[in-house]
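Trainee:
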Amino acid sequence: MLFDDLFDSPQPGHREALGPQACVLRGHALDDVPRLLPALQDIQRAAPAKQLVTPGGRTMSIAMSNCGTLGWTSSRDGYRYTARDPATGQPWPPMPAVFLELARSAAAEAGHPDFTPDACLVNRYEPGTRLSLHQDRDEHDLGHPIVSVSLGIPAVFLFGGFQREDATQKVPLFHGDVVVWGGVDRLRFHGVQPVKEAEHPVLGRLRINLTFRRAG
Ligand code: MD6
Ligand code: FE
């Protein structure tokens with residue numbers, strides 16, 4: 002496990018404010034990684050990650066899957082939450098207990114003691130892939146926060162304002178970091194810069210992001 006330290010969040014336990022109600026909890030997920038990874042493999046087997054098409058007709062560079070009672074998907078018809086994986090017709094795999102516990106503990110740490118997610122989006126980034134600036138606004142009640150867990154190779158997270166054109170903060174995210182945001186920051190534009198070539202000792206050439214939401 003020695004080598005992992007070179008890639009892990011540099012300041013575990015440290016909390017960085019990104020806005021009045023948005024913060025990074027450095028290394029908050031590190032202790033859960035040994036239980037997260039096998040659970041991720043089960044999800045991947047039941048609901049393989051796919052590159053989705055946007056309503057505008059572009060194929061996203063990252064691959065996505067979900068677990069939980071609802072999952073986020075995109076197609077030519079729009080963005081939506083569904084109870085089943087459109088690719089298989091099967092319900093999304095259930096949210097593993099370790100996912101739920103991690104999301105709840107991070108939310109509580111960030112000042113949201115009653116967060117119970119019903120959806121977890123699993124994003125897979127290979128080097129060169131990115132996520133363009135967007136707002137998360139497909140959830141029923143925007144009063145609930147979002148908890149976002151980074152695993153694997155680092156990426157630069159872009160945290161902007163309420164207009165797409167607003168300036169962005171550039172926030173490096175490392176293996177084990179957790180971002181929590183809600184309240185007045187809930188509708189900020191955000192994205193991920195093209196991921197640099199790197200190899201993580203456990204995950205290889207891959208970044209995985211878990212985004213927990215209360216969607217329904
Ligand atoms: C990612 N995250 O970090 C993409 N959305 O891979 C998101 O789009 C995101 O991290 C809402 C809240 C937190 C996030
Ligand atoms: Fe988002």
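Count along the sequence shown from 1, add 1, and you get the number used in the working numbering.
Just so it is clear, CB atoms sit at the ideal spot from N, CA and C, and this is done for glycine as well.
Just mark residue 185 as buried or exposed, buried being the case when its beta carbon has 16 or more other beta carbons within 10 Å.
Mentor: The residue is exposed, with fewer than 16 neighbouring Cβ atoms inside 10 Å.
Trainee: Against chain D, does residue 138 count as a neighbour if the rule is that its beta carbon must be under 8 Å from one of theirs?
Mentor: Annotation note: the requested chain D is absent from the structure, which comprises a single protein chain.
Trainee: Within the present structure, is the beta-carbon of residue 154 separated from the nearest heavy atom of the ligand MD6 by less than 7 Å?
Mentor: Checking the Cβ of residue 154 against the ligand MD6 gives no.
Trainee: So, with DSSP's three-state summary, where would you put residue 127?
Mentor: Reduced to three states, the DSSP call for residue 127 is coil.
Trainee: Rounded C-beta distance between residue 145 and residue 183? I'm assuming under 8 Å.
Mentor: With 8 Å as the limit, residue 145 and residue 183 qualify as a contact, their Cβ atoms being about 7 Å apart.
Trainee: Below 7 Å, is the gap between the Cβ of residue 191 and the nearest heavy atom of the ligand FE?
Mentor: Yes - the ligand FE has a heavy atom lying nearer than 7 Å to the Cβ of residue 191.
Trainee: Where does residue 189 land, buried or exposed, given buried means 16+ other C-beta within 10 angstroms?
Mentor: When all chains shown are included, residue 189 counts as buried.
Trainee: If you compare alpha carbons, which of 60, 68, 205, 133 is closest to residue 99?
Mentor: Residue 68 is the option with its Cα nearest to residue 99.
Trainee: Quick check: is any heavy atom of the ligand FE less than 7 Å from the C-beta of residue 1?
Mentor: No answer is possible for residue 1: it lies beyond the span of the chain, which begins at 2 and ends at 217.
Trainee: Going straight from the alpha carbon of residue 113 to that of residue 13, what length do you get?
Mentor: So the two alpha carbons sit approximately 20 Å from each other.
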